[in-house]
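Chains as they are written, first to last, in our numbering: chain L, 197 to 598; chain C, 197 to 598. Note that beta-carbon positions come from the ideal geometry of N, C-alpha and C, so glycine has one too. These notes concern the structure reproduced below.
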């Protein structure tokens, strides 16, 4: 008998029909003789609707109260999913984050999980029940409700799988698995049978939108075997696990990320400590900076460009303007009309030809590169947003990923 | 400094504007130097919408899961109300039933409160915070969420007031207070300045729809002083408290209750134990019976009539037909076209003239009486529904309550 943790996202439970569909899948796993624990997200647009309700009353509500509000979304889902399983005639119980004992830090709106109590879940599994757990939420040391921020339900599922030593953690989503590129852009994109944690991490943080990187990090740390599958069909998905041997294929996938904006600080004084000043201001306000380019100095000044997410753009610009007495940029420019296109693959860094091939593909497609960044297992370039899809296709073809 | 418990119902917080209005009232009480604890219901139609969602998936969902679902309604309200108070710039915290420690029995869907922990609330009041508590919900010994059933939020408020030894428990609703009759029916109905617990209990259970009788019972038991007020204006409401001296006015109010259906069992054998058999069947299924009339025997048979709520009618008829092999009624008749009209007032039972005056008023208005029942402080009659409003007006005039 195996212990399986499954996770279903908001689109998988968006209406009564989808909820019944998910219930049937869960019961199938249970009937096959497994212990089944399920983490589930809020239905469809519930979270957005709740945020809208809050904004109408107070756009600057405290994060603590936002968490009290938003956590109801998942609580509604667990109750409905449990009712659907009851209808199918199987024993089931729903549990909220605090009922399970998903203990987090006190960082409302983006809490990190410290510990998952297993006592209540094991006691319900002993009674042969299917256990439905509210994703995205936990409880802190003050007995206050916290939410885990973006990708929270994936993280809940992996944390449950780690705490329960589950045999596998199945993440159900609306795609069949992890592809070499977005199938909506690249017609002949291929589904990967498996992928390493590190590769998945790069793909997740590069906008592949399948798994959130926090959950992949945790899966890697606790060696939780993940499977990414569709909740809408029975296609075998993609396994994310420690891959022991170096794969033959260097480049595993091509991704595009539109959630990116570029800020350029022009004619900054070329004195030591400038970069430190700029990025520490942003870091203090939790604004993550991705690609960074510093121009080779003109006479006594330089240009510093970098990217942030679109959501952070406004606040970043405000902060930079507020502190421009220290930064002393002549001009602060910005654009949202850019996209980040990346290739990911283990061992890539040791193969100089990979970067060259990527750039060649873009050159052949007459696509201009604004910024470049590389890591152990990825190469990213910033291009105009209008060119992004063509770039993905060109690179995918070049590496014969189809 | 006083400790005030306030309760706001669903219509008082049904949208952003109403929530802000309630927030302002709460802040007024706080600014006047009081400690303020607030119990709040789910917004407007939220509970009905959630029930609808559940029915779509499973009309026979377990009551435990229904409670997990329904309790989200009040959780949404407390978060939004806290956000509104934050916007006004006052310190506030929202607490769910389990966070407060509102301990109930395990009767899901209609739980009774055993005990209210005060530690968390006192600690927040010590920090000078306004405390917003989710009404209608609690937690049982299994750490499972329970809801309190009809009138649950009133009961929550009174239980909080009792546990915290509050100076007053203010129940805000959409009427100005308790009236001598429904102002929509009787133009010159008068608001009562105060009323005793017992009188309020009779009014509540007779369909005055202002306070639920469970909450009044609890207020009486723990001697909690209640005030019934409108959340929409500043009119002084009605106080519900122990009234020491016998009031001059015997009859305090006239009520009408349309949530009533009459069942008649015709030609039942006139043998001992029949009434016991009939009403124990209904009691076993939690169907409350109100007025009961037994005809004076014909030869060897009798007719037994009684009333139930409209909601219980269908199940009651089913049970009676199932068990008619024991009951042996020749015919089972029923109607919903009846209303219960009642007068309430302490000491009424000692004044024979009251009942006579009531019947006289009905006779003068040519209204037929189907059933009569009396208690210490009330007299109820069953009349045709079409006559009910005229009956209320006639009785109200007769006793010069306007």
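Query, Result
"Cβ-based burial, residue 227 (chain C) [other Cβ within 10 Å; buried from 16]", "exposed"
"Residue-chain proximity (residue 276 (chain C), chain L), Cβ-Cβ < 8 Å", "yes"
"The region 527–541 of chain L touching the region 448–460 of chain L, judged by at least three CB pairs closer than 8 Å", "yes"
"Option in L:393, L:341, L:408, L:375 with minimal Cα separation from residue 433 (chain L)", "L:375"
"Local conformation of residue 390 (chain L) per DSSP, three classes", "strand"
"Cβ-based burial, residue 394 (chain C) [other Cβ within 10 Å; buried from 16]", "buried"
"Delimiting residues of the alpha helix (DSSP H) encompassing residue 607 (chain C)", "The displayed coordinates of chain C run from 197 to 598. Any statement about residue 607 (chain C) would go beyond what the structure contains."
"Local conformation of residue 428 (chain L) per DSSP, three classes", "coil"
"Through-space distance from residue 525 (chain C) to residue 355 (chain C), alpha-carbon basis", "45 Å"
"Inter-stretch contact (C-beta, 8 Å, three-pair minimum) for the region 214–224 of chain C and the region 250–257 of chain C", "no"
"For residue 536 (chain C), the three-state DSSP class (helix, strand or coil)", "strand"
"Residue closest to residue 232 (chain C), alpha-carbon to alpha-carbon, out of C:470, C:302, C:364, C:343", "C:364"
"Same chain only: Cβ atoms within 6 Å of residue 330 (chain C), ignoring 5 sequence neighbours per side", "270, 271, 274, 292, 293"
"Alpha-carbon spacing of residue 464 (chain C) relative to residue 516 (chain C), whole angstroms", "12 Å"
"Neighbourhood of residue 586 (chain C) by C-beta distance below 8 Å, restricted to the same chain and skipping five residues each side", "561, 563"
"Where the beta strand (DSSP E) containing residue 418 (chain C) begins and where it ends", "Looking at the DSSP string, residue 418 (chain C) is not in any beta strand (DSSP E), and its letter there is neither H nor E."
"Chain-ordered neighbours of residue 230 (chain L) on chain C, where CB pairs are closer than 9 Å", "Residues of chain C passing the Cβ test: none, with the nearest at roughly 22 Å."
"Chain L residues whose Cβ lies nearer than 8 Å to that of residue 294 (chain C)", "294"
"Run of the beta strand (DSSP E) containing residue 204 (chain L), from where it starts to where it stops", "199–204"
"Residue 237 (chain L) classed as buried or exposed, judged by whether at least 16 other C-beta atoms fall within 10 angstroms", "buried"
"Cutoff 8 Å: residue 473 (chain C) Cβ touching any chain L Cβ", "no"
"Continuous beta strand (DSSP E) stretch holding residue 502 (chain L): start and end", "497–504"
"Status (buried if at least 16 other CB within 10 Å, exposed otherwise) for residue 442 (chain C)", "Unreliable positioning characterises residue 442 (chain C) in this predicted model, as indicated by a pLDDT of 48, which lies under 50. The coordinate reading is nonetheless provided below. Exposed, by the Cβ-count rule."
"is_contact[residue 339 (chain L), chain C] using C-beta, thresh 8 Å", "yes"
"Beta carbon proximity, residue 238 (chain L) to chain C, threshold 8 Å", "no"
"Buried or exposed by the 16-neighbour rule on C-beta atoms within 10 Å, applied to residue 398 (chain L)", "buried"
"Closer than 8 Å at the beta carbon, the chain C residues around residue 254 (chain L)", "279, 280, 282, 283"
"Any chain C beta carbon closer than 8 Å to residue 599 (chain L)", "The question about residue 599 (chain L) has no answer here: the residues shown for chain L are numbered 197 through 598."
"Residues that DSSP places opposite residue 570 (chain C) in a beta bridge", "C:575"
"N-terminal and C-terminal residue of the alpha helix (DSSP H) that residue 450 (chain L) is part of", "First-last for residue 450 (chain L): 449–453, but that is the beta strand (DSSP E), not the alpha helix (DSSP H)."
"Buried or exposed (CB count within 10 angstroms, at least 16 for buried), residue 472 (chain L)", "exposed"
"Beta-ladder partner(s) of residue 299 (chain C), from DSSP", "C:311, C:335"
"Contact between the region 552–561 of chain C and the region 404–415 of chain C (3+ Cβ pairs under 8 Å)", "no"
"For residue 502 (chain L), the nearest candidate out of L:522, L:480, L:534, L:521 (CA to CA)", "L:534"
"Interface residues of chain L facing residue 268 (chain C) [CB-CB closer than 7 Å]", "268, 271, 272"
"Whole-angstrom distance between residue 478 (chain L) and residue 301 (chain C), CA atom to CA atom", "52 Å"
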